[in-house]
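Letter by letter, the sequence shown follows residues -21 to -1, 1 to 345 of mature numbering (1 follows the signal peptide of the UniProt record, and there is no 0).
A short worksheet on the structure shown next.
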Amino acid sequence: MKYKSYYYLLLVLLMAPSLRAQYTTPYWTTLQEDNLKDQVKTIRFFFTHHKEDLEFKTLRRYKVKNDIVDKGYVEFDTIGMEVVSLMFLKDSINEPINPKIINYYKYYSNNIKEQALKEKKSKVLWPAFNALSLRLDVDVYSRGTGVEIEPNRQSIRYVYNYNDNNQISEEVEYQLFEDYDDDSWLENSTDYQIWSRILFYYNTQGQLIKQTIDAGETMKDSNYLSYNVHNLSLSFRAEMYRTFQYDDKGRLKEVSFFVNDTLVFNEKYSYDESGNFITKVDRYLKHIIKYYTQWPAEKMTASYNSKGDITELIFYPDGNEEQQVNNRYYEYEYDDHENWIKCKLYLEGNKNEPTLVAERIIEYYN
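Written as structure tokens, this is what we have:
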């Protein structure tokens, strides 16, 4: 059961940076994962409306499988890291937060300074995939969907190595089975505690052009069915690597992910005339295990506004889909910090009537 809970958390941690991240710091933060601007303190996410004629099963699927769905409640610290979360709230406006059912996170910032000094900040615009943002050591105390039980502790640690140009050459992720509150864990670590190892390769211009992803002994020997990345569920023992291409202005143009030399994920990015934001993402995602993807077709085009929020998602079905394929459209209202506080979701292929309406209540430090 211990490994099973690790699996569900890892699914979230690995998927999030690839789908919804905007990096402005040398380390990964939850604010960036959620495309949130300014110093957000708390956020509540909830649906306030749905079409009356929707069947219960369809409504449930729409609430889970759309492109803006978020946790019901999140608290952030002052550097933008998620410290408290709840998956769902029964009454997201007024419901008090029960400390006995929350998930909470403890970070170790002793490596922030080292990372900030060594990391060369390369501007990668949202929603392009950024492979160079570093992740902080964290202890996760998880209760899954908010059950009043003792939380399961998961300790995740990262070790980064650098080449002669101070670029990341290796990321090693460890899963610890004992409690450590300092760096003493590294002295006692073993290869069996390695969860994954990522190697980084660069061209003569200093651009990242390839990553290889290897499963560690913990992953191979566990009872997990698969390794989850890019919204895909993959075999632990598969050969996995990612490639990167750039345009003549040095901007990221394309990211591809291969499993045993077969393309399973690809994104191509289009920029506005000024180059200040991405307007379109052409995406391919091979349906290896359909349960793990929120998209009914393998090929699609997502359009974004200048604030980085998705405005439409157009699918290109090939006739092999297992569920109905509807294009999706989104309309937003924003607060003074340029974060959306209301979103109309049109999930049935037209803009006649919103399928759902989502709202967010956001509290700021500043």
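Cβ coordinates follow ideal geometry from the N, Cα and C atoms, glycine included.
All values derive from a computational prediction rather than experimental measurement.
The alpha carbon of N284 has as its nearest neighbour, out of V53, G254 and N140, the alpha carbon of G254. When C-beta atoms of the segment 330 to 338 are compared with those of the segment 17 to 32, three or more pairs fall below 8 Å, so the two segments count as touching.
Rounded to the nearest angstrom, the gap between the Cα atoms of E152 and M279 is 32 Å.
Going by DSSP, Q190 is part of the beta strand (DSSP E) stretching over L187 to A194. Inter-residue distance for W174 and L155 is about 9 Å (C-alpha atoms, whole angstroms). Residue burial annotation: S121 is buried, with at least 16 other C-beta atoms found within 10 angstroms of its C-beta. R114 is not bridged by DSSP to any residue. Using a Cβ distance threshold of 7 Å, E277 and L292 do not count as a contacting pair. Around E61, the same chain offers T9, V53, F55 and Y84 as residues with beta carbons nearer than 7 Å, after the five sequence neighbours per side are excluded. Rounded to whole angstroms, Y250 and E312 show a C-alpha spacing of 23 Å. In the DSSP annotation of this structure, the continuous segment of the alpha helix (DSSP H) that includes F35 starts and ends at F35 to V43. The Cβ neighbour count for N109, taken over all protein chains shown within 10 Å, is at least 16; the residue is labelled buried. Looking only at Y225, N45 and N131, the smallest Cα-Cα distance to N82 is reached by N131. Our two residues, T37 and Q303, have alpha carbons roughly 11 Å apart in a direct line. Going by DSSP, T9 is part of no beta strand (DSSP E) but of the alpha helix (DSSP H) stretching over T9 to E12. Counting C-beta atoms within 10 angstroms of its own C-beta, K330 has fewer than 16 neighbours from the protein chains shown and is therefore classed as exposed. Taking C-alpha positions only, Q224 is separated from T191 by approximately 15 Å.
N305 and L326 do touch by the CB rule: their CB atoms are close to 6 Å apart, below 8 Å.
Around the C-beta of K79, fewer than 16 other C-beta atoms lie within 10 Å, and the residue is accordingly described as exposed.
Between F26 and K50 the beta-carbon gap is near 13 Å, outside 8 Å, which marks them as no contact.
Counting the other CB atoms within 10 Å of its CB gives E150 a total of 16 or more, which places it among the buried residues.
Within the segment 59 to 88, no alpha helix (DSSP H) run of at least 4 residues lies entirely inside it. For R23, the uninterrupted beta strand (DSSP E) run begins and ends at V19 to H29, by DSSP.
Spatial neighbours of K44 in its own chain (CB-CB distance under 6 Å, excluding positions within 5 residues in sequence) are listed in chain order as Q273.
Annotation: W105 to F256 spans about 7 Å, alpha carbon to alpha carbon. Residue burial annotation: G59 is buried, with at least 16 other C-beta atoms found within 10 angstroms of its C-beta.
Nearest neighbour of D288 by Cα position, chosen from I188, T258 and N73, turns out to be T258. The continuous beta strand (DSSP E) containing T241 extends over residues T241 to Y250. For the pair L231 and K247, the Cα-to-Cα distance works out to about 9 Å. If you draw a straight line from the Cα of M219 to the Cα of V238, it is about 5 Å long.
The beta carbon of K286 lies closer than 6 Å to those of E317 in the same chain, with the five residues before and after it left out.
Residue state for Q273 is assigned as coil, using DSSP reduced to three classes. When rounded, the separation of the alpha-carbon atoms in E338 and V117 is 30 Å.
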